[in-house]
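In the numbering used here, the protein residues as written are 15 to 186. Even glycine gets a Cβ: it sits at the ideal position worked out from N, Cα and C. Quick caveat: nothing in here was measured; it's all calculated off a predicted structure. In what follows, a structure is listed as structure tokens, so that the remarks can point back to it.
This is the structure in structure tokens:
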């Protein structure tokens, strides 16, 4: 079964380039030019992974991540940015981005993120309301080979995620 990916970037040339590379590797990829388009595509069907630029006109990548977490909890999101010093980077960590990649995109690292999602040894629900603690524990879990962290900031969010994602363990 092929993983379905949504690529969100206002730089259409970059998005097309990423799509071509990923399709050559056997992934099914769809492009959205902005956050609004991405949400419409997400509302039309689920994706196994979303790759989004952080800085975009309209809905930025972090707000998109928040809305994805609310609409389809447990959907992994990888962020991309050309900026190394950016307050949005910290927000992306707090909102539980699976990974944050620098542009130009390191395709080996991106592929590693896909492999982690496609073939996890275990999915761990992490319920923690303190953002700093959630980020620290999530980073520790993500550093473990084969572990995918599914963070939730509230019991309500955790319940919604547990309904959608097959979990192997929980840290509360």
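Could you tell me which whole alpha helix (DSSP H) segments of length 4 or greater appear in the region 78 to 152? 101 to 108, 121 to 132
By how many angstroms is the C-alpha of residue 61 removed from the C-alpha of residue 16? 11 Å
Helix, strand or coil, according to DSSP, for residue 181 in the structure here? coil
Give the range of the beta strand (DSSP E) segment to which residue 67 is assigned. 63 to 67
Could you check if residue 84 is buried or exposed, using at least 16 other CB atoms within 10 Å of its CB as the buried criterion? exposed
Check for me: the alpha helix (DSSP H) holding residue 56 runs from which residue to which? 49 to 58
Return yes when the Cβ of residue 106 is within less than 8 Å of the Cβ of residue 93, no when it is not. yes
Which whole-angstrom value is the C-beta distance of residue 168 and residue 137, which I expect to be below 8 Å? Residue 168 to residue 137, Cβ: 19 Å. No contact.
Taking 8 Å as the cut-off, does the region 151 to 165 touch the region 126 to 141 (at least 3 CB pairs, one atom from each stretch)? yes
CB of residue 149 within 8 Å of CB of residue 185, strictly: no
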